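Visitor:
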Amino acid sequence: MKHLLFVIVGVLSCSSMVAQDNLSALLPMPNEISLKDTDVCFTIDGRKTSISIGSDELSFAARKLQDAIYENMQETVNISKDGDGELKLLLDHSLKNKEQYTIDVSNDGIVIRGASKGAVFYGVVTLEQILTGDRCHTSRHQVKGICVNDTPRFGYRAFMLDPARNFLPVESVKFFIDQMAQYKYNVLQLHLTDDQGWRIHIDKYPQLASKDHYTKEDIKEIVRYAAQRNVTVVPELDIPGHTSAMLAAFPEFKCGHKDSVSIEIGKTVNMMLCASADGVYSVIDDIIKEIAGMFPAEYIHLGGDEAAIADNWAKCPRCNRLMEKSGYSKPSQLMIPFFAKVMKSVKKNGKRTILWCELDNIYPPANDYLFPYPKETVLVSWRGGLTPKCLELTHDHGNPLIMAPGEYAYLDYPQYKGDFPEFNNWGMPITTLETCYGFDPGYGQAGKKQEHIMGVMATLWGEAIKDINRATYMAYPRGLALAEAGWTDMENRDWKSFKNRMYPNIMKLMKHGVSVRVPFEIEQNLGNYK
Ligand code: TNX
């Protein structure tokens with residue numbers, strides 16, 4: 099009877115938790131897992147157990163593991179550089195993919211191997227999720243036997259933040275990085291310039307920066323903080339549209355017929371840099387040089403979206419003369435020399451260009467690119483309805499592609515009928531958690547037709563995002579769904595399983611002070627919530 103009571107109490111106390119086994123908080127789901135016999139298990143005891151690292155590079159990952167063990171088990175384990183610790187973190191260059199890691203939990207200890215320090219960091223993140231999920235064992239300071247061998251589906255898994263619309267201080271950006279790294283996002287794209295503001299200091303042109311902006315020291319700190327967590331920061335300067343803030347500093351870069359139009363920052367969304375104004379290209383060249391020096395990333399994003407060509411270049415006498423001289427029949431063809439010149443600067447500084455993909459129509463049907471993008475340009479598919487065409491064109495033209503389709507990846511859209519944003523909502527389509535989870539970045543294409551897809555990007559446009567709490571509210575939990583789209587192969591993904599694995603992660607985010615939206619509608623049958 100006593101025994102039975104113990105079992106019942108045990109079952110009740112474990113089952114009353116949201117998560118119960120070592121798979122239940124894994125997110126994104128690893129691509130290869132095998133469970134060991136039920137009696138295999140390692141017990142962590144702060145008096146005896148320690149972490150060994152194979153190299154100094156791994157000390158950040160080791161400290162993260164130390165914190166995770168303390169948070170989940172209240173055990174303090176030491177870190178040592180001799181190889182004797184039962185918890186081993188090792189670099190293993192025989193692992194093929196640079197983000198690949200393995201975890202082996204046996205009776206004798208836990209070994210995490212990774213192809214790079216970022217991969218070892220991911221091994222620690224996954225182990226932390228095992229501890230979070232398996233409350234029964236974790237509360238007894240045990241880790242059940244398991245083998246994980248995990249490699250991401252895509253090497254580019256980005257989150258875009260938009261401090262141009264509403265500035266986000268450095269501390270907020272770092273807080274955002276903490277959460278995205280936990281879900282194995284590895285790129286933070288910072289949309290640094292737009293009509294509402296220019297958010298980065300440029301030594302040569304200090305007049306560009308808005309009141310709130312990042313200094314060079316700020317950027318250095320963000321880049322350093324991100325790199326520790328396997329996140330690369332990709333800067334975006336949005337040109338030639340979305341440039342009111344730049345034009346406020348350089349009014350001489352407006353098109354000829356707009357010379358007398360005064361600029362109101364944030365309001366004049368349809369202004370562009372003139373394609374034929376003296377000086378535009380040399381100033382951009384200087385800016386790119388400084389930006390390239392600040393961000394070690396391989397890529398610079400240069401926007402290229404929503405250029406109001408009909409209202410600017412098409413009506414500008416100087417641009418018309420340039421068109422004629424170049425033998426162009428359409429003003430949109432001025433994008434050819436514009437980006438040829440700007441990309442020369444990018445190349446000269448050892449970087450590659452990413453652009454938002456624009457087609458010859460903003461709604462389907464569209465037939466071709468807005469202008470012939472050079473082959474090495476990476477494009478981002480984003481406009482609702484146009485991704486199938488973007489996929490086809492990028493495949494045919496050989497442009498690498500990042501998938502951020504409006505249907506799935508626009509986290510500024512409301513998650514529920516009547517939910518935020520409460521202003522500046524131009525009729526944004528509701529994008530539920532389940533919709534986001536339905537995203538297959540390969541769009542169901544045959545293998546060959548999706549080989550050029552580099553990865554995915556979740557976008558958090560900031561017009562209605564006033565602070566970091568609203569940012570994370572819009573980002574999570576939908577960002578968890580997109581994290582899994584970027585990491586996990588389709589055959590290992592399942593909506594029902596995701597829903598269950600999401601809860602312990604939502605609880606953990608809340609415990610860490612992250613404002614998230616609880617997606618109550620997915621369990622209660624609330625009917626039409628779209
Ligand atoms: C379109 S997506 C934009 C952004 C807006 C966003 C709002 C893209 C390349 N351009 O400037 O913030 O829609 O959803």
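When you number the sequence shown by my numbering, it's gap-free, plus one each residue, and the end is 628. Using N, Cα and C, we set each Cβ at its ideal position, and we do this for glycine too. Because the structure is a prediction, the values reported are computed rather than measured.
#1: If you reduce the DSSP assignment to three classes, tell me which class Gln-164 lands in.
#2: Once the 5 residues before and after Ala-346 are set aside, which same chain residues still bring their CB inside 7 Å of it?
#3: In terms of residues, what are the limits of the beta strand (DSSP E) holding Asn-176?
#4: Less than 8 Å between C-beta atoms, sequence neighbours within five positions excluded: which residues of the same chain meet that for Pro-462?
#5: What's the call for Arg-145, buried or exposed, on a 16-neighbour Cβ count within 10 Å?
#6: Looking at C-alpha atoms only, which residue of Glu-130, Cys-245, Pro-128 is the closest neighbour of Cys-633?
#7: Could you tell me the boundaries of the alpha helix (DSSP H) in which His-495 lies?
#8: Out of Ala-160, Pro-304, Ala-569, Gln-513, which has the shortest C-alpha to C-alpha gap to Phe-219?
#9: Is it buried or exposed for Met-608, if we count other Cβ within 10 angstroms and need 16 for buried?
#10: How about Leu-185 and Gly-152: are their beta carbons less than 7 Å apart?
#11: Does DSSP classify Lys-547 as helix, strand or coil?
#12: With respect to the alpha helix (DSSP H) encompassing Thr-533, which residues constitute its N-terminal and C-terminal limits?
#13: Given this structure, state the Cα-to-Cα distance separating Tyr-514 from Met-572, to the nearest angstrom.
#14: Here's the rule I'm using: 16 or more other beta-carbon atoms within 10 Å means buried, otherwise exposed. How should Trp-454 be labelled?
#15: Determine whether the beta carbon atoms of Asp-336 and Thr-291 lie at a separation below 7 Å.
#16: When burial is assigned at 16 or more other CB atoms within 10 Å of the CB, is Ala-556 buried or exposed?
#17: Leaving out the 5 sequence neighbours to the left and right, which residues in its chain are closer than 7 Å to Gln-280 when beta-carbon positions are compared?
#18: Restricting to Cα atoms, I'd like to know which of Ile-566, Leu-259, Arg-416, Asp-310 is closest to Gly-611.
#19: Should the region 312 to 319 be regarded as contacting the region 340 to 355, the criterion being three or more beta carbon pairs within less than 8 Å?
#20: Quick one: what does DSSP say Val-203 is sitting in, helix, strand or coil?
#21: Just to confirm, does Asp-403 get its C-beta within under 6 Å of one of the non-hydrogen atoms of the ligand TNX?
#22: Considering only the alpha carbon of each residue, which of Glu-589, Gly-536, Tyr-397 lies closest to Thr-330?
#23: Sort Ser-595, Gly-516, Lys-442 by Cα distance to Pro-527 and report the nearest one.
#24: Counting beta carbon pairs with one atom in the region 252 to 269 and one in the region 167 to 183, are three or more of them shorter than 8 Å?
#25: In this structure, how does DSSP classify His-340 when only helix, strand and coil are distinguished?
#26: Within 10 angstroms of the Cβ of Glu-621, are there 16 or more other Cβ atoms? Answer buried if so, exposed if not.
#27: Expressed to the nearest angstrom, what Euclidean distance is found between the alpha-carbon atoms of Glu-45 and Thr-230?
Guide: Result, derived from the coordinates:
#1: helix
#2: Ile-361, Ile-363
#3: 176 to 178
#4: Gly-483, Leu-484, Lys-487
#5: exposed
#6: Residue coverage of the chain in this structure runs from 99 to 628, which leaves residue 633 outside it and unanswerable.
#7: 485 to 495
#8: Ala-160
#9: exposed
#10: no
#11: helix
#12: 531 to 535
#13: 11 Å
#14: buried
#15: yes
#16: buried
#17: Val-223
#18: Ile-566
#19: no
#20: strand
#21: yes
#22: Tyr-397
#23: Gly-516
#24: no
#25: coil
#26: exposed
#27: Since the first residue shown for the chain is 99 and the last is 628, residue 45 is missing from the structure and cannot be characterised.
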